[in-house]
Each structure stands twice: as C-alpha cells, then as structure tokens.
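Protein sequences appear in the order of chains A and B.
The first sequence finishes on residue 772 if you use our numbering, and the numbering steps up by one all the way, no holes.
The second sequence finishes on residue 133 if you use our numbering, and the numbering steps up by one all the way, no holes.
Every residue, glycine too, gets a C-beta built ideally from N, C-alpha and C.
I have placed the structure first, in the form of structure tokens, so that the comments after it can refer back to it.
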Amino acid sequence: MKQTPLYQMHIESQGKMVDFGGWEMSLNYGSQIEEHHQVRRDAGMFDVSHMSVVDFKGVQAKAFLQILIANDVDKLKTQGRALYSCMLNESGGVVDDLIVYYQNDEYYRMVINASTTEKDMAWIHIQANGFDVSVECMSDLAMIAVQGPNARAKVFAAMPGIEEVCGELKPFNAASLGGLFIARTGYTGEDGFEIMLPSSAAKFTWQMLLEASVKPCGLGARDTLRLEAGMSLYGSEMNDEVSPLESALTWTVDLTNENRAFIGRDALEALKERGVEKTIVGLVLEGKGVIRDHQKVITSLGEGEVTSGTFSPTMGKAIALASVPKGNLGLCEIEIRKKQVCAKIVKPPFVRNGKVLV
Amino acid sequence: MSEIRDDRQYTQTHEWILDHGNGTYTMGITDHAQALLGDMVFVELPNADDEVSIEDEFCVVESVKAASGVYAPADLQIIKANAALDDEPELVNASCYDDGWLVKFRSHAVDDLMDAVAYAQTLTRI
Chain A
415 MKQTPLYQMH
425 IESQGKMVDF
435 GGWEMSLNYG
445 SQIEEHHQVR
455 RDAGMFDVSH
465 MSVVDFKGVQ
475 AKAFLQILIA
485 NDVDKLKTQG
495 RALYSCMLNE
505 SGGVVDDLIV
515 YYQNDEYYRM
525 VINASTTEKD
535 MAWIHIQANG
545 FDVSVECMSD
555 LAMIAVQGPN
565 ARAKVFAAMP
575 GIEEVCGELK
585 PFNAASLGGL
595 FIARTGYTGE
605 DGFEIMLPSS
615 AAKFTWQMLL
625 EASVKPCGLG
635 ARDTLRLEAG
645 MSLYGSEMND
655 EVSPLESALT
665 WTVDLTNENR
675 AFIGRDALEA
685 LKERGVEKTI
695 VGLVLEGKGV
705 IRDHQKVITS
715 LGEGEVTSGT
725 FSPTMGKAIA
735 LASVPKGNLG
745 LCEIEIRKKQ
755 VCAKIVKPPF
765 VRNGKVLV
Chain B
8 MSEIRDDRQY
18 TQTHEWILDH
28 GNGTYTMGIT
38 DHAQALLGDM
48 VFVELPNADD
58 EVSIEDEFCV
68 VESVKAASGV
78 YAPADLQIIK
88 ANAALDDEPE
98 LVNASCYDDG
108 WLVKFRSHAV
118 DDLMDAVAYA
128 QTLTRI
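What follows is the structure in structure tokens.
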C-alpha cells in the first residue's frame, strides 16, 4: 500500500489506518464524531496528500482546459483564482470532479481525486494530443487541509509569514509563498486552507500545526463533514455513467460560449433537449436509524437510491444525498432493512459554517 | 489490546453472554467489536417477550461507519432490552461490558460458546 509523507505522524497520533483506494490512510484518531465537532467548532486538519496535483503549462494551456472540462476557465482572470468543475467523457458522464487554480493563461494547477488519478492521467494525456501543453503530475507535493472557524488564525500562528501573504485571501483563491501553495478552499463547509507543500516539509508543518492545537482528523470525519456540507463525492453522487445535469452540478457546466466545444458538450445538450429526469436531493430521516448508501428511496414520482448516507453529528439525525426523479418535494420513504422509514426531502447543504440550514 | 472479561462467554461474531445461572442471560458486544465499529449512533433493539431462533439477527448496532447485526447464540426469549441505549447509544462504546449491555434473555439451550481464553485466541488470529 502507498503511504503519504505524513504516515509516521498518523501512527504517532494513534491513527486507525485503513486501505483507502490503495493508500494507507487514517480513518480516525479515536473518535470520528469528536473530530467532526472539532472542525465545526474550532479547527482540525486532514492529510489529503493522496490527492493528485497536476500542472498544465504551455501556450495552449487555456485552450486545452477549455475543451477538457465542463466549466469555463475563461472565468479565471486573477492569479490564484479557483474554479470547481467536472471533466466529462463523450457521453457526458463524469470522468472526475476537480478544482483548477489559475496562475496565468499559460499555467494552471489542478487537483484531482486520488482513486481516479491513473484513469484521469491516461484520459488527459489522450485529450492533450495535438495541443501545445505540458501535463505534469506533481507527485512530490503533500497536501494538508486545515478547516474550521479558527483554522485560518491557527495556520497564521503556526506558520510564520503566511498571514502577510494570505491574510486578505478571499474564499476560493490561492496564493504562493516559496514552495507553498495555499488555497482558501476545502471540503467541509467551514472556512480554512488547503496547503500544498513539498513532501519534505510535510512532517514539520504538521507538527507546527499540532503545536498550534489543530487536531488531526481522519477520513471518517472528512466524509460526514462533506456530506453535511452537501458536497458531492466522486463515485457516489457522480460517475462515468451519470452527467453533472443529473447530479445537481448543473451550476458547474458553462454553456455560455457557444463556440466552446468541450468534451461531453454534445451529449449534455442532447440530454437537455430530451429532458433531465433525475437529480440529487438531500434527505433528513424523520424517525430513528441511519441512512446508508444504496438504500431504496420511494417518492411520489417514483423510486430512487441513496448515493451517500450517514449520521450527521451536527444535527444528531441521519442524513443523505439521493438520486431521485426530478421535481420531488415534501416527504419520501427510505427502505431500511425491509422497513419503510419517513424522510424529508431538502435542498443541500445541511450545514454550513457551523449552522444547520435545513 | 481489547478488553476480554473472564466472567462471561463469547461468540464467533463478537458478542458476549453472561450466565446468571437461573436460565437467564445478559448479552452485549465485545470491546473488540465496538472498537472496530467506532462511534455508535443508533441501536435497534428487540421488544420484551420476542422469541428469537438461533443465529437470527435480532438486534442491530449502527455506528457512523456501518450497521452490524447481532445474532442469537441460541433459541431464546427476550426478557428486556437496554432502553438507555435509545438516548445514549454511545454507552456501547464507553461501557460495552456494563452499562452498554444490549438484552437480557431466557434460554434452555445456550452452548457451543467460547470462554475468555478461546475468544482471545480468535482475536490474535485476525
């Protein structure tokens, strides 16, 4: 199994290590629920070094990304600006979801999922054929996400020089400092930074953050936090067979420029013409129990399926994202161990910046 | 290392059973099982007087991570379930052998269980 540069730090913090798509990652350091609350109430950090950073450089970097992804990088005009998007196949299915950061018209940085890296890189290299662009997977970078209402203040306290550069950084923007790349982005619904840094500096930085009382948090809490924040997970809410229009990700698809022939565009336009029949909604269980992935959802408009289900530590209730027939409102039933349990259909997010929104 | 108590018996599926000597028993899940499952958020308990056949799943413990069935070690009848778990499922994590017990039951045929030493050996083999 592959290990991140922070592996030893996880062992020292009694991390419960599990196989996560070929990476030996920490699921929790004792209590997933405490780690979840730590991020909602104070500050926690995640080792996300298993994710891949890909740099695109060259005179046609912009032109290439304009066909590679469904959102339009032409929106990015200032250095460090971030954009969330999906990368589609010809049928409009999602190859991966990603964030792309603008450096200049000839240099973009992308972050893609760990479990899809091999597939993504193969796909990107094929598509890049004929473009004057270099594509490099920056495997020597580690990544630490520090998240929570006190995350930024604690990062400034732990890492000298960061406040001068990132004190005024707006959400969804990034700045560089030496070998560090610091983005005010995340996957928890809280404020904070995602810090990319040389692998050699990872342990030292993690230690400095520990000393600034930032608690280590595992992949378990990362999943309940992202689900409360209503954020999609590749492989759950979207995959190679499902389009962003059917995954409540229409906002990430930019059809404005009619001349921009991005991969999958024709399929999406055809689907729009035919009519999109399903979407992703949020569910809150009314009764007791926990919603789990793949449970059947029965709505007034037909059946659907839970794509991500869990127990929300912030709400103290079971919540889920589910793929259901479009246009549903009100109540539905979820089939849990052959019993039908009532749930309310809501619009995600469930929780943002520590507040329950549904 | 997970805690194993000498005063009770164990199943292959990580339940413990305490024999009260009068045909009644108390049952819960082991320290090993609660640690594997992680933070408990819901316990689905049977009702008093329910009759359960051996190996039937009659109770479900759910952590944030997963739902796990609890299986009957014998043909049995429920005397009562631990109502405290309705509001405090985390008792199963904090006190799996005491306050976090699941059910008390009556049975005439509880056998084929492991003692503490045998159960400890199954854990070292994992």
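query                                                                                                                                                                                 : result
Beta-carbon of Val117 of chain B versus every beta-carbon of chain A: anything under 9 Å?                                                                                             : no
Would you tell me roughly how many angstroms separate the C-alpha atoms of Asp605 of chain A and Ala457 of chain A, rounded to the nearest one?                                       : 9 Å
How long is the line joining the alpha carbons of Lys416 of chain A and Ala559 of chain A, rounded to whole angstroms?                                                                : 19 Å
Could you tell me whether any Cβ in chain B is nearer than 9 Å to the Cβ of Leu441 of chain A?                                                                                        : yes
Which of the three DSSP states is assigned to Lys629 of chain A in this structure?                                                                                                    : strand
Closest Cβ-Cβ distance between Val77 of chain B and chain A: below 9 Å?                                                                                                               : no
Between Phe725 of chain A and chain B, is the shortest Cβ-Cβ distance under 9 Å, so that the two count as touching?                                                                   : yes
Compare the C-alpha of Glu449 of chain A against each of A:Leu745, A:Asp637 and A:Lys568 and name the closest.                                                                        : A:Asp637
Looking only at DSSP bridge pairs, what is Leu497 of chain A linked to?                                                                                                               : A:Val514
Using a Cβ-Cβ cutoff of less than 7 Å, which residues in the same chain neighbour Arg640 of chain A once the five nearest sequence positions on both sides are dropped?               : Tyr601, Thr602 and Leu647
Starting from Cys756 of chain A, trace the beta strand (DSSP E) in both directions and tell me its first and last residue.                                                            : Lys753 to Val760
Going by CA-CA distance only, name the one from A:Pro727, A:Lys491, A:Val755 and A:Lys758 that's closest to Asp47 of chain B.                                                         : Residue identity check: residue 47 of chain B is Met in the sequence provided, not Asp. Among A:Pro727, A:Lys491, A:Val755 and A:Lys758, the Cα nearest to that of Met47 of chain B belongs to A:Pro727.
Residue range of the alpha helix (DSSP H) that Ile576 of chain A falls in?                                                                                                            : Ile576 to Cys580
Name the residue from B:Glu69, B:Thr33, B:Ala42 and B:Phe65 whose alpha carbon lies nearest to the alpha carbon of Pro53 of chain B.                                                  : B:Phe65
Within the same chain, show all residues whose beta-carbon is closer than 6 Å to that of Pro762 of chain A, passing over the 5 residues directly before and after it, in chain order. : Gly644 and Gly696
Mind checking whether Val110 of chain B and Pro80 of chain B have CB atoms under 9 Å apart?                                                                                           : no
Using a Cβ cut-off of 8 Å, pull out every chain B residue sitting near Gln446 of chain A, in sequence order please.                                                                   : Gly45, Asp46, Val71 and Lys72
For Phe49 of chain B, go through chain A and note every residue whose CB falls closer than 9 Å to its CB, in chain order.                                                             : Lys702, Gly703, Val704, Phe725 and Ala732
In whole angstroms, what is the alpha-carbon distance linking Phe494 of chain A and Gly634 of chain A?                                                                                : The question names Phe, but residue 494 of chain A is Gly in the sequence shown. Cα to Cα, Gly494 of chain A sits roughly 30 Å from Gly634 of chain A.
Is the distance from the Cβ of Gln401 of chain A to the Cβ of Phe545 of chain A below 9 Å?                                                                                            : Since the first and last residues shown for chain A are 415 and 772, residue 401 of chain A lies out of range.
Tell me the start and end of each unbroken alpha helix (DSSP H) in the segment 420-482 of chain A that is at least 4 residues and wholly inside, in chain order.                      : 421-426, 446-455 and 475-482
Do the CB positions of Ile750 of chain A and Ile712 of chain A come within less than 9 Å of each other?                                                                               : no
Short of 8 Å Cβ to Cβ, which residues in the segment 737-768 of chain A face chain B?                                                                                                 : Arg751
For the alpha helix (DSSP H) containing Asp57 of chain B, list its first residue and its last residue.                                                                                : Element bounds for Asp57 of chain B: n/a, residue is neither H nor E.
Report the rounded CA-to-CA distance for Ile481 of chain A versus Glu655 of chain A, giving the unit in angstroms.                                                                    : 19 Å
Return the first residue and the last residue of the alpha helix (DSSP H) that Leu583 of chain A is part of.                                                                          : Leu583 of chain A -> no alpha helix (DSSP H), and no H or E assigned at all.
Check each candidate in B:Lys87, B:Ser60 and B:Leu43 and name the one with the smallest Cα separation from Glu69 of chain B.                                                          : B:Leu43
When you compare each of A:Lys491, A:Lys471, A:Tyr421 and A:Asp433 to Phe460 of chain A by their alpha carbons, which one comes out closest?                                          : A:Tyr421
Taking Cβ positions, are Glu22 of chain B and Met34 of chain B nearer each other than 9 Å?                                                                                            : yes
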